[in-house]
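Quick note on this note's numbering: the sequence shown kicks off at 329 and runs consecutively.
Virtual Cβ for every residue (Gly too), placed ideally from N, Cα, C.
For clarity, every value in this text was computed on a predicted model and none was experimentally measured.
Before any comments, here is the structure.
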Amino acid sequence: MASNEPTEAEISQVIDFANLHPREDRTMVIQALRDNGCSPETVVMQFFDNPTNFRNKFTRSWNDSMFSADRDGSDNAAGTSFHIESMNQNDIIMGVTPPPDGGGLGAPSRPPSRSNDRSPLGRMVDWAAGGDMTGGNSSHSREDEDMQRALRESAQEAGITLPQQESGVLDANTSEPCFGPANRNDYDQDTWAMVPTKESSRTATDPPPELRRREPGTPAFLIHGVNSSGEHCLGGLLTILHEIPLARNVLLRTGAGAESYGFNSDWWKGQEILSPFILNQLQAGEVTWGERHGPSTNCEEELHRLMAFLDSTDRSYGVVSVLSDLLPFSAIGPEKRLFEYLIQQCSSVMMPLTQTAALAHVFDDDDDWEEEAKFGLLEMEHLQLDYENIKTLYESLDHIMWNHVLSTGELNQSSKMAMFRQMGEVLIMKVTGAGPEDSFEIPKEFYPERYLASRKDEATRIQRGWCDCKARLERLLEREKKEVDVNLDWNQSLTKKDMLQKVIERCSMYSEYLKSRGKFRAMEASGFDTDKYPDYRAAPSDMTEEEKKQHDEVSSALGTAEEALVDLETKLKAISQDKNAIRTKQRFLGQLLTVPDKKGRPKPMTCNKYLLRGIATHNDIVYVCQMPQPDLIQLGGDPRAHDKWWKLIYSHGSDEPVKTEVLTMDSVLREVWEVTKTPLIIYATEKALEEAIMPLSAPLERFVRADNKAFQQELSRERAEADEVRLTEKMLPPKRKHRSDSMDSNRASMGSDEVETEPADLSEPVARTGGGGGGQDGYHKGPGRAPEMQERCRSLTLTGSPLAASPQTVGRDESQTKTIDMELVDCDEE
329 MASNEPTEAE ISQVIDFANL HPREDRTMVI QALRDNGCSP ETVVMQFFDN
379 PTNFRNKFTR SWNDSMFSAD RDGSDNAAGT SFHIESMNQN DIIMGVTPPP
429 DGGGLGAPSR PPSRSNDRSP LGRMVDWAAG GDMTGGNSSH SREDEDMQRA
479 LRESAQEAGI TLPQQESGVL DANTSEPCFG PANRNDYDQD TWAMVPTKES
529 SRTATDPPPE LRRREPGTPA FLIHGVNSSG EHCLGGLLTI LHEIPLARNV
579 LLRTGAGAES YGFNSDWWKG QEILSPFILN QLQAGEVTWG ERHGPSTNCE
629 EELHRLMAFL DSTDRSYGVV SVLSDLLPFS AIGPEKRLFE YLIQQCSSVM
679 MPLTQTAALA HVFDDDDDWE EEAKFGLLEM EHLQLDYENI KTLYESLDHI
729 MWNHVLSTGE LNQSSKMAMF RQMGEVLIMK VTGAGPEDSF EIPKEFYPER
779 YLASRKDEAT RIQRGWCDCK ARLERLLERE KKEVDVNLDW NQSLTKKDML
829 QKVIERCSMY SEYLKSRGKF RAMEASGFDT DKYPDYRAAP SDMTEEEKKQ
879 HDEVSSALGT AEEALVDLET KLKAISQDKN AIRTKQRFLG QLLTVPDKKG
929 RPKPMTCNKY LLRGIATHND IVYVCQMPQP DLIQLGGDPR AHDKWWKLIY
979 SHGSDEPVKT EVLTMDSVLR EVWEVTKTPL IIYATEKALE EAIMPLSAPL
1029 ERFVRADNKA FQQELSRERA EADEVRLTEK MLPPKRKHRS DSMDSNRASM
1079 GSDEVETEPA DLSEPVARTG GGGGGQDGYH KGPGRAPEMQ ERCRSLTLTG
1129 SPLAASPQTV GRDESQTKTI DMELVDCDEE
């Protein structure tokens, strides 16, 4: 059989190509060559494909010394891992209660250990790793070697040729398995956990119930949950919609109300509620888990549960992962999937939350509409270059609705524009993509007048102004580039300003050099007379004719460069002023038809006024505006003046997982861009806010009450466990109580030397020596005991002398006699 061991040349070739350590990585390289047929090319390719996996695969080091170490982890070179000696009477063993005085010899502290004896499995590991199999002082290893040697010698004497035994276990790819514990090099400590059952699944520990309880007056909110795939804003979206009465009522009206919404104590954290019929079918195997919903997912029932949960739950948060998993069309985000599903299933009910838009040619009649679309969520995604012209939410929407014109920068007969033909009472927009590098302005009140079909002419003029501004801005940028950049011969560019500054710097340095050279010549001619020239810099510059000529040329070049730099800065300043003027005009165009009741407007605005009601982020941070209770609104006052903005945060794994904070609207608009660059923005009309709140149905009321009752049980269990722990701590005596022994005294005893122990009479009631009012003759009066219970009870009386009294008991009228009842289970008396 051909040798499978790599040669030194192959090992060196791999180490040199992969730039590995010749000593520390040698074993890894040898193992890799063994598993790959001693092919250096294959090993090098595997290393460069993924160095981390390469090291994890071929580093098979297992430190077996810990199995023979003592309890402190120190190496034990004695061969055996235990040592037993008899215990003297006064010896102390930490952690072991010493026997009473006069007792016999102590038992061993622990049973013998065989951890130093290598098992066959451990020897197989060493065979696979190619290590030493001597095993130190292991007697079993020596016996195995002797047995193998005797078998080989017997076979040679009999003329039998034994095949050479290969180490390890061979399989199809001839890779040698390594059995043993996970090594530090093979597994990352941070990623060592349970194997996930599906992508992006995580195992999480829920916070204690007390940390999940909702404070009175604070709104509950929804999070996407740790088991939900991907990051989204669905929980924040539903939280904000719930605070808009019209949106809440619409979502409760979707679908048909159920007679029962079921119950699951873990529903709030993402466990689905299934009907008993489906559960029976799953248990019987009639349907699979993927077929449990049938042709219809019935997302409406889950949506009803979430709205009822936000109405009156005692929990601070819930999870929307069940709803996100039920929604179809998984290729898009769950926020958009929700509206597409609801508009398709119940379009008439969803009309208050639906916008209708259509495309139209810019220069055609108003009735020529095409590609009409209905949506509940408008996504805004832009190129990073477009954000240079986007500074407000209006301008962001301009680049979506008028994208055909603004992207080409010109108006022609084929230009198209999108217009709103019908708008709902709630408007939802989401920034997608990478978002802006900095931010753009989100108005507190939004007026979509410029996007209505009735304002097509005005929108056309605004687009023409946009095109003019963009064309002028492009010309200025070209001019600026021409003035600034200088193309060099080797396909490199340098700004003209930098070039002129370098010319000025070098000319100044050369001019100073010529002057200094002339001064040195004058000092040299004077014999370096310090009386004549105390300061050498005041010496005259005695330059030669050639130096004077060079100095004049350098001074002329220096003056020309300085004049050119001043001229360039003047031109750039003028270009910057022109750019600012164009930007100002763009801001003016972005504000047209956004201010209601403006004086001098020939045609009044007809759109609804939308008020900002919330901003959701993908990282479980929600900014929501909560309306006050009806009884808190003063008659004749502004109802919006009492609105309260909340910042709701869920931080998984922190000491305070749920945080609520009251902010001002200005703080919200400033802080949201620090949290995310892709916010989800929700506006609502005053009509949507003034609608009466629809009461929950009886099944939903029962569902919420059942969930609150389950949560109260969680709180009760938590309090009971805490009380039990405190009670146990009170009942347990402190460590080493009534013991006078210490490490310094080297004395092991049970109690004080002054404490006398005497057995009580087990056939009579126990007398209390100091108890007044305890019954006749001081006998202990209590419930009667059965004979068998009396057999299982024992009493031990500890009588302490005054010498044994602690300083805390001196002066008290207390007895020094204590009686302890101990219950001995299954103890037979002789």
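Next on the checklist: For the structure I just gave you, are there three or more beta carbon pairs, one from the stretch 562-577 and one from the stretch 585-604, closer than 8 Å?
Outcome noted: no
Checklist entry - For E984, which option in F637, R540, G661 has the closest C-alpha, if you only look at C-alpha atoms? => result R540
Checklist entry - Who are the near neighbours of E1019 in its chain, counting only those whose CB is closer than 8 Å to its CB and skipping five residues on each side? => result P573, L574, N577
Item to check | CA-to-CA distance, V754 to F703, given in whole angstroms | outcome: 12 Å
Checklist entry - Which of helix, strand or coil does DSSP assign to P1115? => result Reliability fails at P1115, whose pLDDT of 42 lies under 50, so the model's placement of it is uncertain and no value is given.
Item to check | Limits of the unbroken beta strand (DSSP E) element including T992 | outcome: No beta strand (DSSP E) holds T992; DSSP gives it neither H nor E.
Item to check | Cβ neighbours of F667 in the same chain (closer than 7 Å, five flanking residues each side left out) | outcome: F703, G704, L705
Checklist entry - Distance, Cα to Cα, G618 vs P547? => result 35 Å
Item to check | Host alpha helix (DSSP H) of M851 (start-end) | outcome: 824-853
Next on the checklist: For a test of the three-state rule: what should DSSP assign to R620, helix, strand or coil?
Outcome noted: coil
Checklist entry - Where E559 and V648 are concerned, what is the direct C-alpha to C-alpha distance, given to the nearest angstrom? => result 12 Å
Checklist entry - Does DSSP put W595 in a helix, in a strand, or in coil? => result helix
Next on the checklist: Considering just the uninterrupted stretch of the beta strand (DSSP E) at C953, what are its terminal residues?
Outcome noted: 949-954
Checklist entry - Per DSSP, I1009 is paired with what? => result M757, I943
Item to check | Burial state of K876 (16 or more Cβ within 10 Å) | outcome: exposed
Item to check | I606 - partner residues in DSSP beta bridges | outcome: Beta-bridge pairing links I606 to no other residue.
Next on the checklist: Comparing C-alpha positions only, which one of D1051, V923, R1033 sits nearest to P771?
Outcome noted: V923
Next on the checklist: Assuming the contact rule is C-beta atoms closer than 8 Å, S652 and L562 should be a hit. Round their C-beta distance to whole Å, please.
Outcome noted: 6 Å
Item to check | Delimiting residues of the beta strand (DSSP E) encompassing M708 | outcome: 706-708
Item to check | Start-end ranges of the alpha helix (DSSP H) lying completely within the stretch 710-774, minimum 4 residues | outcome: 721-729, 731-736
Checklist entry - Could you check where the beta strand (DSSP E) with Q683 kicks off and where it finishes? => result 683-689
Checklist entry - Excluding the five sequence neighbours on either side, which residues of its own chain have a C-beta within less than 8 Å of the C-beta of S658, listed in chain order? => result R665
Checklist entry - Under a three-way DSSP split, which group does E338 fall into? => result helix
Checklist entry - T567 and V950 look like a contact to me (Cβ under 8 Å); what is the Cβ gap, rounded to whole Å? => result 5 Å
Checklist entry - Just how far apart, CA to CA, sit R849 and T872? => result 10 Å
Next on the checklist: To the nearest angstrom, how far is the alpha carbon of T502 from that of E600?
Outcome noted: Note on T502: pLDDT 42, under 50, position unreliable in the model; no value is reported.
Checklist entry - From T888 to H879, what does the alpha carbon distance come to, in whole angstroms? => result 14 Å
Item to check | Of the residues M678, K809, R383, D377, the one placed nearest I358, counting alpha carbons only | outcome: R383
Checklist entry - Comparing the CB of G704 with every heavy atom of the ligand ATP, is any distance shorter than 7 Å? => result The ligand ATP is absent from the structure shown, which contains no ligands of any kind.
Checklist entry - Hey, I1010 and G928: beta-carbon distance below 8 Å or not? => result no
Next on the checklist: Tell me the residue span of the beta strand (DSSP E) that contains I551.
Outcome noted: 549-551
Checklist entry - Unbroken beta strand (DSSP E) runs of length 3 or more, entirely within the stretch 867-950: which are they? => result 938-944
Item to check | Residue environment, A337, which counts as buried when at least 16 other CB atoms sit within 10 Å | outcome: exposed
Checklist entry - Does any residue of chain C bring its CB to less than 8 Å from the CB of K1037? => result Among the chains in the structure shown there is no chain C, since it carries only a single protein chain.
Next on the checklist: Across the stretch 717-725 and the stretch 739-756, are there enough close Cβ pairs to call them in contact, namely three or more that are closer than 8 Å?
Outcome noted: no
Next on the checklist: Under 8 Å, with one C-beta from each stretch per pair, do the stretch 745-764 and the stretch 792-799 reach the 3-pair mark?
Outcome noted: no
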